[in-house]
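Have a look at the structure below, then the notes.
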Amino acid sequence: MKKVLVLTGGGDCPGLNAVIRGIAKRARREKGWEVYGSIEAFNGVFNEPQEIIKLTSKRTAGIHIKGGTILKTTNKSNPIKFPVTQPDGTVKFIDRSDELVKKLKALKFDAVINIGGDGSQRISKVLHDKGIPVIGVPKTIDNDLSATDVTFGFQTALQIATDSFDKLVTTAESHHRVMIMEVMGRDAGWIALHTAIAGGAEVCLIPEIPYDISKIVKRINGRYKKGRGFVNIVVAEGAKTKEGTITASAAEKGSEHVRLGGVAYQLSKQLKDAGCKAEIRETVLGHVQRGGSPIAFDRVLASLFGVKAFELVLEKKFGQMVAFRNNEYTSVTLEEATRDYHVVSKDSYMVRAAKGLGISFGD
Ligand code: F6P
């Protein structure tokens, strides 16, 4: 029998289970293939005893509609920068990729399918360069991978953010308030920008366009003067002022990244300090954006990504990542997949069109 190992790494994302099921179902249509899953990304391979399960039809049946990942995940076990707690309590990051390669080779998998975002695909590239037959599948609600036009999870997060925004509008209107809603996205403003357009926000603040607080106060005052006394603001968690201030929660042990979150409160204070007299309320949407069942768009995208990933295995196109480009399911090299970060361009038509809809970016 030939064997393929599947794993999910980084943050969970609606659609992960649909990819897993897509791979397993497509593999079952070929004779002589078995699909396995490593629990909690590569920890399933590192751990003694190893945690590797067979993805039987019983395990994968109907999972495409479920959020999260049946294989579990972690963003604190990067094999290239593996966190090890020192006796004094500090954390040191070490490279365990050679150890991982040795373990994977001993397990004799014919292919490894790594489902994850930009960090996970960097891991895929290192493993492939060290002789492991890897295929990548792009995942992220942030939509920040440049090699694919879309990533699954983004549309679901956007729908959740838009539904939440709509609910906040009713309070803004009824109480004549300024409602600030903070969304995720790390250094990319895609969720915020799309939500602002879909919801009809007056102000949208994104990391790519640093804001000037006085411009936002002007916009708010302008709205109140016209007798339409309410304003809805969408702010991306990575948004910053022209002076470069960014809100980050305390660094987490074992995490390579600074955790973002709380910019809505910072913005609220900045508005009050700058003379905004209106009542302000803040909502930090947080992980609800990543939770629950994927919407139909993401189920389709993720299922087809899964099928495509297994077909790349059959074609022995290792060192590639599945991609959706120009309306086609295709693949790109892991090199290309990890080269650029896909962020909003301030000169793009989308930003100009948003301004045409009256949305202020505070620039
Ligand atoms: O990359 C996805 C994402 O949800 C970001 O939008 C967010 O900044 C981050 O992950 C949150 O990570 P965690 O789940 O570790 O708090």
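With my numbering, the residue at position 70 of the sequence shown is 206, and numbering never jumps.
By construction, the Cβ of each residue, glycine as well, lies at the ideal position given by its N, Cα and C atoms.
Isoleucine 268 carries a coil assignment under DSSP once its states are collapsed to helix, strand and coil.
For asparagine 211, the shortest C-beta to heavy atom distance toward the ligand F6P is below 7 Å. Methionine 320 has its Cβ nearer than 7 Å to a heavy atom of the ligand F6P. Histidine 200 counts as buried, since at least 16 other C-beta atoms from the protein chains shown sit within 10 angstroms of its C-beta. For isoleucine 345, no alpha helix (DSSP H) run applies, since DSSP gives it neither H nor E. Distances from the alpha-carbon of cysteine 412 to those of Ala308, Glu388, Phe288, Ser350 put Ser350 closest.
In the same chain as isoleucine 327, and ignoring 5 residues on each side of it, the C-beta atoms closer than 8 Å to its own belong to Ile277, Asp278, Asn279, Phe290, Ala293, Leu294, Ala297, Val319, Met320, Gly321, Ala372, Gln425, in chain order. When only Cα atoms are considered, leucine 329 and tyrosine 360 end up about 23 Å apart. Across the structure, lysine 303 and asparagine 368 are spaced so that their CA atoms are roughly 11 Å apart. Shown here for phenylalanine 433: same chain residues with a beta carbon closer than 7 Å to its own, the five before and five after excluded, namely Gln291 in chain order. Per DSSP, reduced to three states, the secondary structure at asparagine 463 is coil, with no helix or strand assignment. A contact is defined here as three or more CB-CB pairs under 8 Å, and the stretch 453-470 meets this definition with respect to the stretch 259-274. In this structure, histidine 311 has its beta carbon at no less than 7 Å from each heavy atom of the ligand F6P. Taking the Cα of histidine 311 as reference, the smallest distance to any Cα among His393, Val270, Val220, Ala414 is reached at Ala414.
Rounded to whole angstroms, isoleucine 156 and glycine 203 show a C-alpha spacing of 12 Å. Residue state for glycine 397 is assigned as coil, using DSSP reduced to three classes. When beta bridges are read from the DSSP output, alanine 375 appears opposite no residue.
Proline 223 and aspartate 246 do not touch by the CB rule: their CB atoms are close to 41 Å apart, not below 8 Å. By the neighbour-count criterion, in which a residue is buried when 16 or more other Cβ atoms sit within 10 angstroms of its Cβ, histidine 264 is buried. Sequence-distant Cβ neighbours of alanine 163 in its own chain, meaning closer than 6 Å and more than five residues away, are Trp169, Val171, Phe446.
Glycine 390 sits close to valine 227, with the two beta carbons spaced by under 8 Å. By alpha-carbon distance to phenylalanine 454, the top candidate from Ile333, Lys261, Leu407 is Lys261. Per DSSP, reduced to three states, the secondary structure at glutamine 456 is strand. According to the DSSP assignment, phenylalanine 229 belongs to the beta strand (DSSP E) that extends over 227-230. Straight across, the Cα-Cα distance linking lysine 241 with glycine 267 is about 9 Å. For phenylalanine 218, the uninterrupted beta strand (DSSP E) run begins and ends at 218-221, by DSSP.
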